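Trainee: For reference, the structure I am asking about is given below.
Numbering (the numbering used here), first residue to last: 711 to 911.
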């Protein structure tokens with residue numbers, strides 16, 4: 711299946727930003743042809759952006775497109791079923807059956823564990839990344855600010871999962887607190903769950 715990338719520069723930036731993340735490393739290794747690994751992961755990251763545009767929140771700064779943040783939020787069971795079916799089709803057709811199986815294995819275990827420490831109405835920060843040319847300028851918080859202002863207004867918490875310990879300090883500065891750490895068997899790596907409670911106006 712031929713997949714046309716809509717957000718290639720951002721997908722490439724996210725690919726570089728997530729290089730140390732065991733989830734994305736494992737997903738890339740699941741691609742049958744190693745020579746296609748990077749390109750398939752760019753498709754995956756691009757798809758994640760398009761998916762959040764349709765079902766969650768995709769934030770790209772309008773004035774200076776220096777990065778992006780990808781969010782999921784609670785949707786109806788019908789929309790969730792549609793979203794899941796479309797994701798399964800993408801993974802099977804573009805990434806390949808081994809990648810679909812790897813994804814299902816990781817996500818089912820992570821969901822089972824994470825669901826013990828988060829609530830159904832929480833919004834989920836899936837991915838955040840700054841383009842290489844703009845890194846080191848303190849721009850990361852700006853990729854979260856607008857959505858966090860919205861969740862504060864709504865009075866709902868947000869959460870994230872990270873496999874990269876050094877990223878925790880950035881998230882703490884945005885108001886997130888670590889609530890649990892779990893070992894994920896397919897990646898054979900630990901990930902932390904961090905939650906940010908809404909701030910009163």
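Idealized CB from N, CA, C, for every residue including glycine. Small disclaimer: the values here were computed from a predicted structure and weren't measured.
Does the beta-carbon distance from residue 890 to residue 827 come in below 8 Å?
Mentor: yes
Trainee: Using three-state DSSP, classify residue 740 as helix, strand or coil.
Mentor: Residue 740 falls in the coil class under three-state DSSP.
Trainee: Nearest to residue 814 by CA position, among 857, 740 and 876, is which residue?
Mentor: 740
Trainee: Confirm, please, whether the CB-CB distance from residue 756 to residue 715 is below 8 Å.
Mentor: yes
Trainee: Indicate whether residue 866 and residue 767 have their beta-carbon atoms separated by less than 8 Å.
Mentor: No, they are not a contact pair.
Trainee: Within 10 angstroms of its Cβ, does residue 799 collect 16 or more other Cβ (buried), or is it exposed?
Mentor: exposed
Trainee: Would you check if the distance between the CB atom of residue 812 and the CB atom of residue 871 is smaller than 8 Å?
Mentor: No. Outside cutoff.
Trainee: Looking at the structure shown, is residue 791 part of a helix, part of a strand, or coil, going by DSSP?
Mentor: helix
Trainee: For residue 863, which of 907, 878 and 776 has the nearest alpha-carbon?
Mentor: 907
Trainee: Please confirm whether residue 894 and residue 878 have their CB atoms less than 8 Å apart.
Mentor: no
Trainee: Going by DSSP, which residues form a beta bridge with residue 869?
Mentor: 834 and 905
Trainee: Examine the Cβ distances between the region 833-848 and the region 773-783 and report whether three or more of them are shorter than 8 Å.
Mentor: yes
Trainee: Ends of the alpha helix (DSSP H) at residue 762?
Mentor: 747-765
Trainee: Nearest to residue 752 by alpha carbon, out of 842, 723 and 809?
Mentor: 723
Trainee: With DSSP as the reference, please indicate the residues paired to residue 893 in a beta bridge.
Mentor: Secondary-structure assignment with DSSP links residue 893 through a beta bridge to 900.
Trainee: Among all the DSSP beta bridges, which residues are the ones paired with residue 780?
Mentor: DSSP lists 768 and 837 as the beta-bridge partner residues of residue 780.
Trainee: When burial is assigned at 16 or more other CB atoms within 10 Å of the CB, is residue 750 buried or exposed?
Mentor: buried
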